Every structure is written in C-alpha cells, then in structure tokens.
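Undergrad:
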Amino acid sequence: MTESLIGRNLLAGNEPDPAGDAGHRDHPPRVGFFTDTSVCIGCKACEVACKEWNAIPEDGLELTGMSYDNTQGLGASTWRHVAFIEQRKPLGNAEAGVAHEDGVAQEAGVAREDGLAHEDGDATDLRWLMASDVCKHCTHAACLDVCPTGALFRTEFGTVVVQEDVCNGCGYCVPACPYGVIDQRKEDGRVWKCTMCYDRLGAGQEPACAKACPTQSIQFGPLDELRARADERVRQLHEIGVTDARLYGRDPDDGVGGDGAFFLLLDEPEVYGLPPDPVVTTRDLPSMWRHAGVAALTLLGGLAAVFAAHGRPEGKR
Amino acid sequence: MGVRTWIKEWPVYRQFTDGDRLSRGAAAMSATTRGLRPRTETADKVVKSVCPYCAVGCAQNVYVKDDKVVQIEGDPDSPVSRGRLCPKGSASLQLTTGDARRYEVLYRRPHGTDWERLDLDTAMDMVVDRILETRRRTWEWEADGKRVNRTLGIASLGGATLDNEENYLIKKLFTALGIIQVENQARVCHSSTVAGLGTTFGRGGATTFLQDLQNADCIIIEGSNFAECHPVGFQWVMEAKARGATVIHVDPRFTRTSALADLHVPIRAGSDIAFLGGMINYVLSNEADFREFVLEYTNAAAIVSEEFEDTEDLDGVFSGLHEDTRHYDVTTWQYEGTEVQAASGERDSLYEERTGNGQSVAASGRSESHGSGGPAISGEARRDPTLTHPRCVYQILKRHFARYTPEMVEETCGIPRETFLRVCRTLVENSGRDRTSEFVYAVGWTQHTMGAQFIRAASILQLLLGNMGRPGGGIQALRGHASIQGSSDIPTLYNLLPGYIPMPHAHEHEDLDTFVEAVRTDKGYWSNMRAYAVSLLKAYFGEAATADNDYCFGHLPRLTGSHSTYETVQAQLDGTCKGYFLLGENPAVGSANGRMQRLGMANLDWLVVRDFSLIESATWWKDGPEIETGELRTEDIATEVFFFPAAAHTEKAGSFTNTNRMLQWHFAAKEPDGDARSDLWFMYHLGRRIKERLAGSADPMDRPLLDLAWDYPTEGTIAEPNAEAILAEISGSHVGGRPLDGYDQLRDDGSTSCGCWIYCGVHADGVNQAARRKPYTEQDWMALEWGWAWPANRRILYNRCSADPEGKPWSERKALVWWDAEQGRWTGHDIPDYVADRPPSYRPPEGATGVEAISGVDPFIMQADGKAWLYAPAGLTDGPLPTHYEPQDSPVRNPLYEGQQRNPVRQVFSRPENRFHPGPGEKGAEVFPYVVTTYRLTEHFTAGGMTRWSPYLAELQPAFFCEVSPELAAERSLEHGGWAHLVTARGVVEARVLVTERMTPLTVGGRTVHQIGLPYHWGSNGYTTGDSANDLSAVALDPNAHIQEVKALSADIRPGRRPRGPAVPRLLAEYHRRAGITEETGMEVRG
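Sequence lines, in order, name chains A and B. The working numbering puts the first residue of the first sequence at 1, with every later residue one more than the last. The working numbering puts the first residue of the second sequence at 1, with every later residue one more than the last.
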C-alpha cells in the first residue's frame, strides 16, 4: 500500500472500511445496492419512488426515441435512471420469436447495436435489456475527495452524500466523478445526487427505490451480503445458459475500490452507458502531491543553487 | 451554545479529534445532516390504504403529519405486493397532493364560453333540480305495452375507480330513480370475462389469486402485457420463473413482458381463438387430455340435442341464426332432453314479434349475469361415459376443432408451426397429476367482437388439461382498475343487480316469481337465488319491502334490450338521453370512438363530471378536437356542465375488490380539502336531498324513492357517510338483528337483508373482515387472514377439483384441499369451494334439488349440472363453442371459414360517426391495410386522468407514439422519432414514431401483415398531451357483453403530422370516398 502524505492512502485501492476511515466509530456495516438487471422489468418505479421521496423536480418532457428511455441519464434531478437497450442478441435460453431482415432497422434510422447475422425469414434474436442506474457510492469517491467545502461526506453507512446546506455550488465534484453522476441543478447551482436515502437509513428504513422495486431487481443491504448474493446469482445464470451475465462494480480492487452500488449486467458496461474501467480521478493525488512536492523542492534547490553559483556580487569588483 | 460546544462543532476541531483525518466523514457532517429524520418516522400517524390504480391491490401505508399526507409507500405486510409499488403507485403522493387536483366546483352554463365558480351546496341543489326535472319529463311507465317504470333520459358512467360502498350507493339510488343506464369501466374492460368464465365455470371472476402463480410449472401470458400493466403482480411470475417454471408470452408486440419470458410468440391481433383452438385440437387429437378429470368434472360426456348443428355443418355459423334480427335462437344448442328456462320464460303472444324473436333478451347482457351462478338448464342431460357417442360434447369438440391444425394456426395467426407446436408440447408436458399450468390474460382477450369466446377457448383448454381448481393452475384474469371486480360484483352495470342477479327484463320478469323462475337453476347454490334477490330488496327498500308487495320487486326499472354505455352514447346523439354523470371515467379518451362520445355529450342537456382534474370529458365544449375542426362551436353547445372535485383514496374509507375477488379496506387519512368530496358523500347527499324534496309526494313514480332505505350515519365536519355502515348493509344481517356469517343463511321470507349476497360475511360478527391485515410473514402462503375474498374467503375457486373423485389430492405436489374421512369434512390449505361436509361418495337422491342435488363429484357448485362446460348449451348468445372469426375491421380474409368473415351476431351500429371498413377482397379494402392494436404503458393509466397530470409519470412517457416495425417504416417512409398520422373511417390521429424490431411483420395467408402498436392514454388536456387512439376505434361490440373491439382494427398510416382544422373532416371524407364506405359497409351478417 502506498503511503500518502498523512499516512495510508485513503484515495485509492482496496479499502475495507471507508466509514471507519472517515471517523465513524462503531458504525453500522457498509450498505449498498445490488441491481440485478436480469430481473428488471423496466417499470421505472425506482425513478418515481426516488423523486417522490426526495421531492426532486420533474426534469423534461422529451420523447427521446431511445426505446422507452425518456429519462436519458442520471442528473441533478434524476437519481435513478432506467436504461432500455434493444439488441439483436440471444438472451440465454429465451427466444424472441420476431423475424426481421438484416439492414431494415438502419434504413429506418433506428439506432441499435447489431449482434448476430440472420438469414432472411429466420427468427431474429432480440433482447430488451433494462437496467436501473444510480450513483455508485464508490469506495473511493472522487467527488468527495475534491469537495472543498465538506458538503460531500462519507456517511456511517459507507455511502456518499451531498449536504445541501453546505454545498456552495463550486462544481469541482462534477468533472471528478468517473461515472458522470453528480450534477449541478441550474436553478440553484448546487449539486445533487442519490443519497441512498440517508435519512431513511438512519431510521432503519431501506431506500425508496429498493423498497418499491416490484421484482427485487434493486436489492439493498449490507454490502458483504449483497456481494455474496450477486456471486450466487451469476453462477445461477451461467448455469441456465445466460453466459453474458457479469458483475460490474463489485470488485474491491478496481479503479474505485469497488462500488457501493454494483450491478449484474448482461452485456459490456458500455452498452448500458457505463464506463468500462472507471478510475477514481483522485487516485494519483498523493503521488501528484509527492511529485509536486519534489518538483517544488527541486525548484527551490535549483533556485538556491543559482543563488549559490551566482550569489557573489560582481559589480563590486 | 457554549464556547466549548461551539469549538467542538468546528469541523477542523472534529477533524483532528474524531479520527476523520481527511475531514470527509464524521467531521464534515453539518448539524442539519446530523438532525435528519425521515418523514416516515416523524409522521403523526400511518394509515392503512390500498393503491388506487390497477387491480393488483397493492397495500399502501399513508403517512400523515399535521393533517397532511406526507408520504405514501408500500405496506410490507401485504401478501400480494410485499411492500412494493409500481411507478404509478409510487406516484400516488403526487396524485393525491399534487397541483393538478381541483378543489372547487365549476359550472359551465348553456352556451357559456368559460367556467364559473359555484358553491357546493348550490351545485348539489341544481343537480337535484336537473335530475327530478329530466326524470319527470322522460319517465316511461310502459314500453311495448309492458311495465318498465324507468327513465332513459339520465345515464351514468364510472365506478371501477371507486369503492364498493360507493358503487353500492350509485346503483341503489339510480335504480330507485328508475335510471337503468348505469355503467362503468367494467363494461369496456372485462365484461366479456364475466360472460366467458361465468358460463364455463359458474363464476365470472379470475379463478385463482396472484400469489398462486409461484406454484405454476408453466405460465402462458396471452392477451396481457403483465409486466407493464400489473408490474407488482408480475413478481409472482418471477417467483415461478426462479422455481423453474417456463414463461411464454403470446402477443402481437415484444413488450416488457416478453423481455422476461422464455419464449415470445408474436401473434396477429385478434386471432387468439385460432391459436387456442389449435392447442385444443392438439390436446384432443393426441389424446393428451386429463381423462379422469375431464370425464368427472366437465360436461364432456353430456349428449347434445339432435337439432344442434355446428359451424362445420353450416359453413361457419351455428344452428339457430336469425339473419334478419342478427341473433341466434339458442334452443337448438341444448343438451338432449333439457331446456333452457331463460330462452323460453313467460312471454305473451306478441312478445316474440315485438322483441324480434327474443333478440331483445339476447341483447340485454344476460351472459354477464353468470358472474356467480351459471345459466339455467332444467332436467338431467344424458351422459355417455365412454365419450364415444357422436353427439357427446367430447366428440362435438373434436369435430369442431379438427380444422384448427398447426397449418391453419400458421396461416391465421402468423405463428410458425414449429413455434406453435413447441408451445403445445410445453403446455401439455406441464399439465397433469403432478404439474399444472396457468393462463394469464387481460383486455387483449376481452376487447373483441368475440371477447367472451376468447376466454371460453382458454377455459376449454385448461379443463381438458385438468388445470382448474388446482395450485398453479387456473385462469388469471388481470383486471385494470382498483375495484373493477367490485364494480362488477356490486355492479354499476345496466344489466346487473348486486351479486350478478340480472336486472329484470320487461317481458320476462313481470313479478318476483317469474323473475326467479327464469333465472335460478334447479341445482346448486344458484337455486337459492330467490333468497338472494329478496334479501337484496330488503336492503334496498327496508321495511317497505314485504311479502305482500313482492318485496317491492315492482319498484325495479325494467330493461328492454341493451342499455350499455355504447347504446347510451347513441341515445345521447338521438336526443333520448339528456343528463349524464361521469364518476371517475373519461369516455372522451377511454371509450371507443372518442368523437362519437364527445358529440353525444354535446347533445346533452346537462353533464356532471366528478374527477380530480379537468379531464377531456369535462372540457370538450371549449377545447375538444371538434372545436378545432369547426364541427362544434362553443357558443352553440347548450350542454350545462358541472364539475365536482373528487376525493382521493386517502381521503375516504372504503373497500376495493382486487383482481382476485379480494376486498381490502382503505382507511381515510384525512378529510378532503375544499369542495372535494367522495362519491359516497355525493351519492348519499344527493339521495338525501332528493328524498327530502319528494317527501309527501303522491306520484307513484316517486314511490321507490320514498320507500328507499337511505339512513346512513355520517361523521366529521363534512358529514361523510360512514362507509363501514354501508359495508355492513352489503354484508347483510337478520332484519333488525345480528350480522350474517355467510350466504347460506340468506332466506327468501324477508327475514334477512343483504346488499350483495356474494359479499355476505364480509362483515360477519360485526367485524370488518376486509380490513384484516395480518402480515403475510405470520401466515401460510394462502394468507387467508389478509382481507376477505368472495365467495366465503376462498382464494382458488373450484378447488374441489384439486382432489380426485375419491377426494384425494391428484398428487402430493399439487395438494390443495382434500376429504378428511375421519373428520367427515373437506380440509386443506384453502377454504373448500364445496359443501364442507359432503363426502365424495355422495350421490343425490332421485329428484333432489338445490344444494342437496350437488353430487360428491360436482366441483362446480354454481353450475346447473355441477360440471364445468366445455360446451355451453346456454348462457352465450354467439355460440356454444368458440369459433375464429375475423375482427370487424380486418385486412385478412378468415382462413377458417371462407363463407363467414366476422362473428355473425356481433353488435354493430352504422352511423355517420361510426362507419366500418370494407372487408378483405372488397373494393376499397386496400385503403386500410394495417392492423392496429391499442394498449397501456406502465407509466400511464387508462384514459390518463390519474397519470397524465402527474409530472413524475408524464416525464417518463411524455408523448403519444406509435410502434412500427422497420419493415413497415420502410414501406411507408416513417422516420424514427418523426411524426406519423393514422387514419380510419372514424378519425385521424398523429403520433410520434418509434421504429423498433420489437414489432415484427407476420406472414398470414401467404402475405405480409404489419401491425401497429398504439397506447391509448393520451388526450388534449394534462401535463403531457396528445391525440387519442380511441378517435380511431369503432363501436363494434361483443354480443354477449357489449365490449368494444379495440385490440384489433385496420387502419392506414402515413408519414408526417395530420391536417388541422376543417382539413380533418375533408381528409376523412376523402378516405370514405376512396374506400367506398357506405352505411352498409361491414354490416353483413353472413359472408
């Protein structure tokens, strides 16, 4: 483990106890979301339950043409977002029954990712992926690391929350997030994102989205339990032929030290609009500081050398 | 704050003392953050409620602080929903407390151009004036020389979104007023379910309950978009899937349901009878039926009359067709040696002539009266237990369905035969002693000119496979409104009285005795129908109802045919119907042929709209599409419009009956604000005012009102009637005494009173059984102590079928109820749907009647012969067996019967506003080459009144769109994301285009058929607006239940937006000209 300026590096790598490291003594176990997209029915209850609980304003009445996704992405006023992806790919042992000739979709201007080729008249593979996205509550949250006001903080549950009474709208966190989650609300300038219903957690209640989810696609609980459950679910899916199933954000050794909200996906993360290999943007901050320090010292040393070399007044001769 | 505290609060201090060296955690927390508490914890009270949207019946907790509802979320104790809610349920806080709700009474005077304010009291009095005046002016004592004592001048629509208690008061008051045109969403959603299931099994409700889906080995979802329309109920499909069940979705579109299914089978909209018939043929021709089950529990062995001729004999029609009056004389369909009482009845000599050979009775929606009591047949049918007699039902079935080969299925439905056979094999492999399969459907089956027969076809299949009355089996009818089952059971329907007692018909039911004789069966629990009817009359008319006056049976207004909502619209256009109540229903958007609905309303004298917001049905006079086209001018419209703001479910107490016949009570969290009132309040105070106004009247037409029992306790500052008192009246009591425990205590001597016999016992012991909420975690999986289901709290109907004839479970795996010989009783997990102490060996003595006549192997206790009906010798008006006909407007020639394109007895009305398309092969047919199917989205609800005004839901589906395949897009140059307009003979609408591979062209009869998906939620008002899909649809109805065909119709689609203003009627006229449409188009009986 690299040592930082003030001890252990708390900005990258495996970190088993982020809440403890953030000064929460006797804190409850770290909690999170496991979003199993293989059982998502795309109902968007999570989006609405989130907005109702957190009183988030409606943010746009645009028919996007992106399948049934008219939300488009996470933002200051969208803390849960259900992505819809129509694909020509087989889904495990499921069959779509539809039949299309190749090429017609592109002609009509509908965007989709092409999968396997088909002969005319044969059944076409088709699957409709749905996935509810959310703030990842990273183990190493760059948004929090760069926040100069202390508005963002690590809670006793290991989650990352913006304090609306502290945020001054500087916006440093926005480019810091490797997932593009945290966002400024134009109307008030402050930044907003999923709090994992911090207020509810304090009262022993689960987050609104997980509570509403009709098919338990969104599961909430202690992160350790969720990780075990997710591993088992992937094994199950592989067994029944859904070989595409994989976990995203589960690995504590990944670029953000593992996500507090991780996912079971049925395709590459990019297909869902997720970065394939996110890295906490402050990962190199300690070494950057070190380098900066070395550079500063070098500079100072150089200056000193210059003065040392040329220090004697010449004009006095 | 002391200095020490102040320093300790300083983050920098905390950073160095709290161990949060980077000050990113504990040290950074503000005082506000540390003081956060959820409003679910700080609420003053938590009120138990039920979601007001679909009929899954998700339990809600309503959190109240300072007399304001601050949060609504799922109640985790519910065995149905387990605390979960869909997006609509999750938005119910916005629904009930959002800005879109109105709290003031509005009035539009005749020819007025804008709303005016009115105080509630004045408005109530004005409505009383209108009712009394119109009633007096339009009163009919007689029609065709028969007593009818009624008015056709007033109608009402709505009830499925309301409580049972509200429906009860609506029907009770309007019936006493002589208003018969009382209808609700149940007509346009699931009326054909009641006709289809009721005639087959004896009850018209879903035969099982949602949680039981988890026990199914195979689930076929057809005619339903389960995951989208009933998302929380869909969790039980996911449970089944997790246990290894196979899930098959048969649907024209690949939907969110298909996405989770193992197999999606695209089908041509409207061809489901061909598909199901093909499966029936597969089962019969492979002798894959569950023979012992079929032989003992169905009428397979019954021998049918020699006079019966099948569609096989008559090129697509059954015997008894009267082409001139468009109806079947059903007498030839009988069992040998029996007769149907309903068809003969008591008639005078001129009756046949005057009513068109019984057409008026056939049209009076009688099929739907089998919602809890099968059609009457008298005498015993001869049986052939070898099933070899050529006229036994089994053999008739075999011959009838022999045509439905895999090739025919492929040609009709566009389903490749290999796919079809795979479905057949999966279903058969998952049926039998050890395994069960369940069918799930919704309005994809009901809304056709053959809706009842779609459901019949599935019923036959499930019976042949032995999948009825058993865990994981049955037929799940998914209903779409919070209490649409309740508004059928306690009907706000023209043809029914509470408990599926038919409304009396002028010609058949002149007194109580003839009424009872014509309706009751000789055998089973429906034989006690007189007790149910008399107890109802006691509940309606109280002390005034005595044996001497036939218990005021004469007070009931009489039918003379169909008076469904679609006849009502025509009566409005024709000027007969002058006053109209809309009680939580939006026909301008939600009923077929929206334009006809609006034009009908424009011809009214007065209209009362009760809703949350200003829906399209309230404002058509100033901003409807016909104002835009210039067909109507606001100043010319004489209709007076009253808008009364309605109370939300959180503001009133009452019960909803969910899709599985389960009543759940919701408590009031607060009183409604402003002038908003419940419909209970509205009806009660309306009735009270009317009774006060008529006090002392000697006019005989006012007698029913003066006799009406209308004393209900009220409470609170607004004098809200006590809903539980009304539930108690519905549940029933010994007159002036103890509450009743169940319907077997009902008597026909006036000693019992009961407002709805099938709900008898819901208030047993004076306890509100519907309010029971024992957490499911503290019960077994049946959760019988949550709510109360009719009948008698049974959850799986006909569960005697889960045991073999000797009373033993067919298999341990599928055990449900069984005979306990030691105790001498039926016992098990569910409450036995059977005579509790009747041994399997019991055989009724010769000449036995009533309950005594139910044999030990008669599981269908509401049926006249104790058996389920594979073949329906009575009860349906369009055939004893399902037959595939094409939809009214179809681009495809019927591949099955060349000589018969459409259901010969479908109900069609050709009017200038309601023209049909030429049939395939006829001149002009090519003008409407595509198939449109309408549907719902998860994010919206029916005609949009409860969702389009909600910003949280509107932003999720913000525009009216159509879904088309890439192939159709290419054929018609439709651009993804662009605009298209769709045209039928009725109207033109524009929609955004979604080109998606989820829509697939089908090969039908050697040609390509393109289908277009069209959600029907939009209208011109609300937070998201758009054209209404129903402006395209026609009034073409199922003859059994008068349900409209909106799931399959032909249309044209063109790129770009529709024309505006007067160019709209011009465009339609041009289409009429090109297609050669006349009054006769599409009206043929034969051919």
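C-beta: ideal position from N, C-alpha, C; glycine also. Predicted model, so just to flag it, every value in this text is computed and none were measured.
1. Starting from VAL105(B), follow its DSSP beta bridges and name the residues at the other end.
2. Mind checking who CYS50(A) pairs with in its DSSP beta bridge?
3. Pull up the CB-CB distance for TYR168(B) and ILE730(B), whole angstroms please, since I reckon it's below 8 Å.
4. What separation, rounded to the nearest whole angstrom, lies between the Cα atoms of ALA43(B) and LEU727(B)?
5. Is it a yes or a no for the segment 579 to 590 of chain B touching the segment 65 to 76 of chain B, going by three-plus beta-carbon pairs under 8 Å?
6. If the cut is a Cβ gap below 7 Å, which residues of chain B does GLU62(A) touch?
7. Which stretch, first to last residue, makes up the alpha helix (DSSP H) that contains HIS310(A)?
8. Taking the CB atoms as reference points, tell me whether ARG366(B) and PRO882(B) lie closer together than 7 Å.
9. Restricting to Cα atoms, I'd like to know which of ALA1048(B), ARG986(B), LEU1002(B) and VAL70(B) is closest to GLU1070(B).
10. Note down, in chain order, every chain A residue with its Cβ under 9 Å from the Cβ of HIS264(B).
11. From this set, ASN722(B), SER613(B) and ARG688(B), which residue's C-alpha is nearest ALA653(B)'s C-alpha?
12. Over the uninterrupted beta strand (DSSP E) stretch that includes HIS249(B), give me the two end residues.
13. Run through DSSP, which three-state label would HIS322(B) get?
14. Check each residue of the segment 5 to 36 of chain B: if its Cβ is closer than 7 Å to any Cβ of chain A, include it; give the result in chain order.
15. CB-CB under 6 Å to VAL1046(B), same chain, minus the five flanking residues each way: which ones, in chain order?
16. Which class does THR827(B) belong to by DSSP, given the choice of helix, strand or coil?
17. Going by the beta-carbon positions, is the gap between LYS867(B) and THR405(B) smaller than 7 Å?
18. Is it buried or exposed, GLU352(B), if we count other Cβ atoms within 10 angstroms and call 16 or more buried?
19. Counting only Cβ pairs nearer than 8 Å, list the residues of chain B close to LEU144(A).
20. When the Cα of ALA59(B) is compared with those of PHE667(B), GLY1022(B) and PHE454(B), which residue comes out closest?
21. Name, please, each residue of chain D whose Cβ falls closer than 8 Å to the Cβ of CYS194(A).
22. Classify GLY1082(B): buried if its beta carbon has 16 or more other beta carbons within 10 angstroms, exposed otherwise.
23. Is LEU816(B) helix, strand or coil by DSSP?
24. In chain B, which residues lie less than 8 Å from LYS89(A) when you measure between Cβ atoms?
25. Residues of chain B with a CB under 9 Å from the CB of ILE218(A): which are they?
26. HIS118(A) to GLY480(B), Cα distance in whole Å?
27. I need the DSSP call for MET601(B), collapsed to helix, strand or coil.
28. Enumerated in chain order, which unbroken segments of the alpha helix (DSSP H) with a length of 4 residues or greater are wholly contained in the segment 122 to 206 of chain A?
29. Looking at the C-beta of GLY977(B), does it have a partner C-beta in chain A at a distance below 7 Å?
30. Any beta carbon from chain A within less than 7 Å of ARG1007(B)'s own beta carbon?
31. If the criterion is Cβ atoms closer than 7 Å, does the pair CYS760(B) and PRO498(B) meet it?
32. Under a three-way DSSP split, which group does GLY153(B) fall into?
33. Three-state secondary structure (DSSP) at ASP1052(B)?
34. Hey, could you find the ends of the beta strand (DSSP E) ASN61(B) is sitting in?
35. Taking 7 Å as the CB-CB limit, is PRO214(A) close to chain B?
36. Flag ILE41(A) as yes if its beta-carbon sits less than 7 Å from any beta-carbon of chain B, otherwise no.
TA: In this structure, then:
1. Along the second sequence, one-based indexing puts residue 105(B) at 105. When DSSP reads this structure, VAL105(B) sits in a beta bridge with LEU118(B).
2. Taking the first residue of the first sequence as position 1, residue 50(A) is located at position 50. Looking at the DSSP assignment, CYS50(A) forms no beta bridge with any residue, so it has no partner.
3. Residue 168(B) sits at position 168 when you count from the first residue of the second sequence. Residue 730(B) sits at position 730 when you count from the first residue of the second sequence. About 6 Å; that satisfies the 8 Å criterion.
4. In the second sequence, counting from the first residue as 1, residue 43(B) sits at position 43. In the second sequence, counting from the first residue as 1, residue 727(B) sits at position 727. Going from the Cα of ALA43(B) to the Cα of LEU727(B) covers about 29 Å.
5. Using a C-beta cut-off of 8 Å, the segment 579 to 590 of chain B makes no contact with the segment 65 to 76 of chain B, since fewer than three inter-stretch Cβ pairs fall below that distance.
6. For the purposes of this step, residue 62(A) is taken as residue 62 along the first sequence, with counting starting at 1. Here the neighbours are PRO958.
7. For the purposes of this step, residue 310(A) is identified with residue 310 of the first sequence, where counting begins at 1. Segment 285 to 310, the alpha helix (DSSP H) holding HIS310(A).
8. The residue labelled residue 366(B) in the question sits at position 366 within the second sequence. The residue labelled residue 882(B) in the question sits at position 882 within the second sequence. No; because the gap between Cβ atoms is not below 7 Å, this pair is not in contact.
9. Within the second sequence, residue 1070(B) is the residue found at index 1070, counting from 1. Checked all of ALA1048(B), ARG986(B), LEU1002(B) and VAL70(B); the closest Cα to GLU1070(B) is ARG986(B).
10. Here residue 264(B) refers to the residue found at position 264 of the second sequence. In chain order: ALA94, GLU95, ALA96, GLY97, VAL98 and LEU126.
11. The sequence position of residue 653(B) within the second sequence is 653, counting from 1. Closest by alpha carbon: ASN722(B).
12. Against the second sequence, residue 249(B) aligns to sequence position 249. Looking at the DSSP string, the run of the beta strand (DSSP E) that includes HIS249(B) is 246 to 250.
13. As a working mapping, residue 322(B) is identified with position 322 in the second sequence. DSSP places HIS322(B) in the strand class (E or B) of the three-state scheme.
14. PRO11, ASP18, GLY19, ASP20, ARG21, LEU22, SER23, ARG24, GLY25, ALA26, ALA27, ALA28, MET29, SER30, THR32, THR33 and LEU36
15. Numbered from its first residue, the second sequence carries residue 1046(B) at position 1046. Within the same chain, VAL1046(B) has close Cβ partners GLN447, ALA592, THR934 and SER1033.
16. Here residue 827(B) refers to the residue found at position 827 of the second sequence. Strand.
17. On the second sequence, residue 867(B) is found 867 positions in, with the first residue counted as 1. On the second sequence, residue 405(B) is found 405 positions in, with the first residue counted as 1. No, the pair does not count as a contact, with Cβ atoms beyond the cut-off.
18. Taking the first residue of the second sequence as 1, we reach residue 352(B) at position 352. Because the pLDDT at GLU352(B) is just 45, under 50, the model does not fix this residue reliably, and the value given afterwards should be weighed accordingly. The residue in question, GLU352(B), is exposed, as its Cβ has fewer than 16 Cβ neighbours within 10 Å.
19. By 1-based counting over the first sequence, the position of residue 144(A) is 144. Simply ARG24.
20. For the purposes of this step, residue 59(B) is identified with residue 59 of the second sequence, where counting begins at 1. The shortest C-alpha separation from ALA59(B) is found at PHE667(B).
21. No chain D appears in the structure shown, which is made up of the protein chains A and B.
22. Indexing the second sequence from 1 puts residue 1082(B) at position 1082. That one is buried.
23. As a first step, residue 816(B) is located in the second sequence; it is residue number 816 there, counting from the start. In the structure shown, LEU816(B) sits in coil (DSSP, three-state: anything other than H, G, I, E or B).
24. To locate residue 89(A), count along the first sequence from 1; it is residue 89. Correct list: empty, because the minimum Cβ distance to chain B is about 11 Å.
25. Looking up residue 218(A) in the first sequence gives position 218. Result: empty, since nearest Cβ-Cβ is about 10 Å, beyond 9 Å.
26. Residue numbering aside, residue 118(A) sits at position 118 when the first sequence is read from its first letter. Residue numbering aside, residue 480(B) sits at position 480 when the second sequence is read from its first letter. A caution first: HIS118(A) carries a pLDDT of 41, below 50, which makes its placement in the model unreliable, though a value can still be read off. The straight-line gap from Cα to Cα measures roughly 39 Å.
27. Locating residue 601(B) in the second sequence gives position 601, where the first residue counts as 1. MET601(B): helix per DSSP, three-state reduction.
28. 142 to 146, 173 to 176 and 198 to 202
29. As a first step, residue 977(B) is located in the second sequence; it is residue number 977 there, counting from the start. Yes - at least one Cβ of chain A is within 7 Å of the one on GLY977(B).
30. The count along the second sequence starts at 1 and reaches residue 1007(B) at position 1007. Closer than 7 Å: no.
31. The count along the second sequence starts at 1 and reaches residue 760(B) at position 760. The count along the second sequence starts at 1 and reaches residue 498(B) at position 498. Cβ distance not < 7 Å, so CYS760(B) and PRO498(B) don't count as in contact.
32. Your numbering for residue 153(B) matches position 153 in the second sequence. Here GLY153(B) sits in strand by DSSP.
33. Mapped onto the second sequence, residue 1052(B) falls at position 1052. Three-state result, ASP1052(B): strand.
34. As a working mapping, residue 61(B) is identified with position 61 in the second sequence. Segment 59 to 65, the beta strand (DSSP E) holding ASN61(B).
35. Stepping through the first sequence from its first residue, residue 214(A) is reached at position 214. Closer than 7 Å: yes.
36. Taking the first residue of the first sequence as 1, we reach residue 41(A) at position 41. For ILE41(A), the answer is yes, since a Cβ of chain B falls inside 7 Å of its Cβ.
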